[in-house]
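Enquirer: In terms of my numbering, the sequence shown opens at residue 154 and continues consecutively. Ideal Cβ placement from N, Cα and C applies to all residues, glycine included.
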Amino acid sequence: MELRFEERGKGPVLLLVHGFPLDRRVWDAQMAALADTCRVVAVDLRGFGESTSAEPFTIESLGDDLHALVQKLGGGPVALAGLSMGGYVALGMARKHPADLRALALVDTKSEADTAEARQNRMKMIEAVRAGGSKAAADAMMPKMLAPDAAERRPQLAARLRQIMESCPPLTIEHALLAMRDRPDYTGDLPGIKMPTLIIVGEADQITPPAVAQGMAGRIPGARLAVIKGAGHMAPMEQPEQVNRALREFLLRL
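1. Closest by CA to Val354, which one among Gly228, Ala399, Pro230 and Ile346?
2. Report the start-end ranges of each beta strand (DSSP E) in the region 168-202 that is 3 residues or longer and not cut off at the edges.
3. With respect to the beta strand (DSSP E) encompassing Ile381, which residues constitute its N-terminal and C-terminal limits?
4. Given Gly216, which residues of its chain have a CB within under 7 Å of its CB, disregarding the five upstream and five downstream residues?
5. Take the Cβ of Asp358 as the centre, count every other Cβ of all protein chains shown within 10 Å, and call the residue buried at 16 or more, exposed below.
6. One question on the structure: do Asp253 and Val282 come within less than 9 Å of each other, judged by their Cβ atoms?
7. Under 8 Å: do the region 336-353 and the region 309-325 share three or more Cβ pairs, one atom per stretch?
8. Suppose the cutoff is 7 Å on Cβ atoms and the five residues either side in sequence are ignored; what does the same chain contact list for Ala366 look like?
9. Between the region 155-172 and the region 190-203, do three or more beta carbon pairs fall short of 8 Å?
10. Output the residue ranges of the alpha helix (DSSP H) runs that lie fully inside the region 208-284 and measure 4 residues or longer, sorted by chain position.
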């Protein structure tokens, strides 16, 4: 299985890692805006988008896939930005493959493992997806993905997000739910992260609220925090100009 990716620009690599149940298209605005600053690479994780695979995976093994991709791109270290589940993968890489990374951007994500309730909810969603396909996952998640009223105010954005979610293969959704359910708690790793770190969070993120991001920022030495106005859990899609500005300023400091 070979990961599919898109790249633009030249210079140091910025690797963009999408969330669940999404693909590299969530980073389209960043690809367009940041290609004048660095070599921007947006990847489809195993089983997502064009990286077709029916094999199960873990958060750690997704990081191993990215480790191989970094070598293919010419070797590390690279800057890595992970959105939501992509943030879990980024934290896993910081633990297992720290030499691959020169900087870390954690976007709308958290370091904690699933609670018992969250693990139960993962299994309920697996049952729903087995019965109703990818649409069942989108139906369950859409109300929490965007800032309040965004679906009504910005129907094209909501439709685009739903289309990406519904295009995710049901089997990949199941594998990802199990991987997230079983992922380790990375909170204890945070004080040991030595690379420059930027934490980005939507001010109206219902899934990983700003307080969660603030907690991470307080544990990672020297971490910067950017709270994105008017954004929920999909800050790169909802408010791309603010996210692009935060990433650009962060990268130029490296």
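Expert: Let me lay it out:
1. Ala399
2. 192-196
3. Arg377 to Ile381
4. Val242, Gly245, Met246, Lys249 and His250
5. buried
6. no
7. no
8. Ile352, Val354 and Leu378
9. yes
10. 212-225 and 238-249
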